[in-house]
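*Asks:*
Protein chains: 2
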Amino acid sequence: MTHIDPTAVVLLSGGLDSTVTAAIAKQDGYRIACLTIAYGQRHQVEVERAKAVATALGAIRHVVLDLDLRVFGGSALTDDVSVPKDRTHEERAGEIPVTYVPARNTIFLSLALAYAETLGAYTIYFGANVLDYSGYPDCRPEFIRAFESVARLGTQMGSEGRAVEVRAPLLMLSKADIVRRGQDLRAPLRLTHSCYDPGVDGLACGRCDSCRIRREGFRLAGVVDPVPYAIL
Amino acid sequence: MTHIDPTAVVLLSGGLDSTVTAAIAKQDGYRIACLTIAYGQRHQVEVERAKAVATALGAIRHVVLDLDLRVFGGSALTDDVSVPKDRTHEERAGEIPVTYVPARNTIFLSLALAYAETLGAYTIYFGANVLDYSGYPDCRPEFIRAFESVARLGTQMGSEGRAVEVRAPLLMLSKADIVRRGQDLRAPLRLTHSCYDPGVDGLACGRCDSCRIRREGFRLAGVVDPVPYAIL
Chain W
1 MTHIDPTAVV
11 LLSGGLDSTV
21 TAAIAKQDGY
31 RIACLTIAYG
41 QRHQVEVERA
51 KAVATALGAI
61 RHVVLDLDLR
71 VFGGSALTDD
81 VSVPKDRTHE
91 ERAGEIPVTY
101 VPARNTIFLS
111 LALAYAETLG
121 AYTIYFGANV
131 LDYSGYPDCR
141 PEFIRAFESV
151 ARLGTQMGSE
161 GRAVEVRAPL
171 LMLSKADIVR
181 RGQDLRAPLR
191 LTHSCYDPGV
201 DGLACGRCDS
211 CRIRREGFRL
221 AGVVDPVPYA
231 IL
Chain C
233 MTHIDPTAVV
243 LLSGGLDSTV
253 TAAIAKQDGY
263 RIACLTIAYG
273 QRHQVEVERA
283 KAVATALGAI
293 RHVVLDLDLR
303 VFGGSALTDD
313 VSVPKDRTHE
323 ERAGEIPVTY
333 VPARNTIFLS
343 LALAYAETLG
353 AYTIYFGANV
363 LDYSGYPDCR
373 PEFIRAFESV
383 ARLGTQMGSE
393 GRAVEVRAPL
403 LMLSKADIVR
413 RGQDLRAPLR
423 LTHSCYDPGV
433 DGLACGRCDS
443 CRIRREGFRL
453 AGVVDPVPYA
463 IL
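For the protein sequence lines, the chains are W and C, in the order given. Using the working numbering, the first residue of the first sequence is number 1, and each one after it goes up by one. Using the working numbering, the first residue of the second sequence is number 233, and each one after it goes up by one.
#1: Any C-beta of chain W sitting closer than 8 angstroms to the C-beta of V242 of chain C?
#2: Are the region 187 to 199 of chain W and the region 240 to 252 of chain C touching by the rule of at least three beta carbon pairs closer than 8 angstroms?
#3: Taking DSSP as the reference, what is the three-state secondary structure of I37 of chain W?
#4: Could you have a look at E448 of chain C and say whether DSSP puts it in helix, strand or coil?
#5: Determine the DSSP secondary structure at D237 of chain C, reduced to helix, strand or coil.
#6: Excluding the five sequence neighbours on either side, which residues of its own chain have a C-beta within less than 7 angstroms of the C-beta of P458 of chain C, listed in chain order?
#7: Bridge partners for A204 of chain W per DSSP, in chain order?
#8: Where do the ends of the beta strand (DSSP E) carrying Y357 of chain C lie?
#9: From the beta carbon of R372 of chain C, is the nearest beta carbon of chain W less than 8 angstroms away?
#10: Which whole-angstrom value is the C-beta distance of E374 of chain C and L109 of chain W, which I expect to be below 8 angstroms?
#11: Of the choices C:D433, C:I269, C:P460, C:A419, whose alpha-carbon is the least far from that of Q259 of chain C?
#12: Along the chain, where does the alpha helix (DSSP H) that runs through R412 of chain C open and close?
#13: Please decide whether D429 of chain C counts as near chain W, where near means a Cβ-Cβ distance under 8 angstroms.
#14: M389 of chain C: buried (16+ other C-beta within 10 angstroms of its C-beta) or exposed?
#15: Does E219 of chain C come out as helix, strand or coil in the three-state DSSP assignment?
#16: At what residues does the beta strand (DSSP E) containing R167 of chain W begin and finish?
#17: Taking C-beta pairs closer than 7 angstroms, name the residues in chain C that G14 of chain W reaches, listed in chain order.
#18: Find out if the Cβ-Cβ distance for the pair I107 of chain W, A383 of chain C is shorter than 8 angstroms.
#19: Hey, is P401 of chain C's beta-carbon within less than 8 angstroms of any beta-carbon in chain W?
#20: Taking the beta carbon of L402 of chain C as the centre, do at least 16 other beta carbons fall within 10 Å, making it buried, or is it exposed?
#21: Please compile the residues from chain C whose C-beta is within a distance smaller than 7 angstroms of the C-beta of V71 of chain W.
#22: Just curious, the beta strand (DSSP E) that L297 of chain C is in, first and last residue?
#23: Does L77 of chain W come out as helix, strand or coil in the three-state DSSP assignment?
#24: Just the Cα atoms here: how many angstroms apart are L248 of chain C and C437 of chain C?
#25: From which residue to which residue does the alpha helix (DSSP H) around Q259 of chain C run?
#26: List, in chain order, every chain C residue whose beta-carbon is nearer than 9 angstroms to that of R54 of chain W.
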């Protein structure tokens, strides 16, 4: 009899965090089914990177779901307002960023839940992280636990007593820890994309909050970031 | 100073229940912003009816969001499996219907939450009903309360102490009660569409679970169903 590893759904944006999360899911013994939500974000290049990452990690399936959240408005990632540049850690701290997309993680987890139920999977991996983005309300442990209650009560498998677990293994890690973890697991970091405002050539700007946090993380981890930037 | 009524988001499918729910929201003193999710269901005619209902009820906004849940599969409403016909109440009872869409209400409420947060609205109206569809796990009061916790923890407005309330005023009503309520409120029942399997002419089949439940509801309420059917 052949043993088949259980399947986990991984929310995969194509960024650093979700790529390391997917590598952790594999390390934990799961076959991974990746879900990428193309939500009308500026950085369409992320979707292409997500496909490359899913392939590199041997995902058994990869669904890209189009969801145009621009119909609601309300965020720099989906509207035409400026992405802040060159902000220090202090300038970023303690506020909800303009790049916040209303209820994004609730929506993404809901879609992952639908995918999981369809596949008969009981585990969702999710690259949320509280430290660098303390301003995002939907990246907190209590949010994730509340979502698990919704998943238990709102699905067929939940009503049959099979709870869905949402794992956010990066939740308490620093960006440097995430880089180290990715390096240790040989995650395809060279394929990842983190920039909120890439150029027409797809190059990361190096100056938005996400680029700055990423570069600082690689620097502190003592790892060379394999991704090229528009600035030095 | 002019008083402006607060805004509520209404999940509007174009069916009987959501139309009566929208009429209740207006009766409760809200301006209504309607959200229709076009999720790749067979009955595209529902989306057209939803537009007509929103107009008839004087909605201040109506967003139709495309979301192709067929990428996941798993339901008669989105896949190419047969919709059951001519089932009695007993045959329908006690099982999760084949028309169940995985995590549908979780997804729909998440999207309504994003819309509410964008509008600065604190109330979501939702036409869930436990009695006729006891098999749908995501139509239960405890599910709705759990979702409110997610909404509180997962949004900017929640973290600012403004909780979102999910109102499901039909939750405990029979279909006959819903028909009566709609009649009392002069809801545009003639524009609603409930059929899971309409003909190419858009006519309701009269034989699927949804048609049977609806027609029985009108009969018990002593109200003539203003919608034509393909059968008598």
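For glycine and all other residues, C-beta sits at the position ideal for the given N, C-alpha and C. Being a predicted model, the structure only gives us computed values, none of them experimental.
*Replies:* The short version:
#1: no
#2: no
#3: strand
#4: helix
#5: coil
#6: L421, R422
#7: W:Y229
#8: 355 to 357
#9: yes
#10: The Cβ separation is near 19 angstroms, so there is no contact.
#11: C:A419
#12: 407 to 416
#13: no
#14: buried
#15: What is shown of chain C runs 233 to 464, which leaves residue 219 of chain C out entirely.
#16: 165 to 167
#17: The contacting residues do not exist; G14 of chain W stays about 17 angstroms from chain C at best.
#18: no
#19: no
#20: buried
#21: V295, L297
#22: 293 to 298
#23: With a pLDDT of only 49 at L77 of chain W, under the threshold of 50, the placement of this residue in the model should not be trusted, and no figure is reported.
#24: 15 angstroms
#25: 248 to 259
#26: Strictly speaking, residue 54 of chain W in this sequence is Ala, with Arg absent from that position. What A54 of chain W touches in chain C: nothing, since even the nearest Cβ is about 14 angstroms away.
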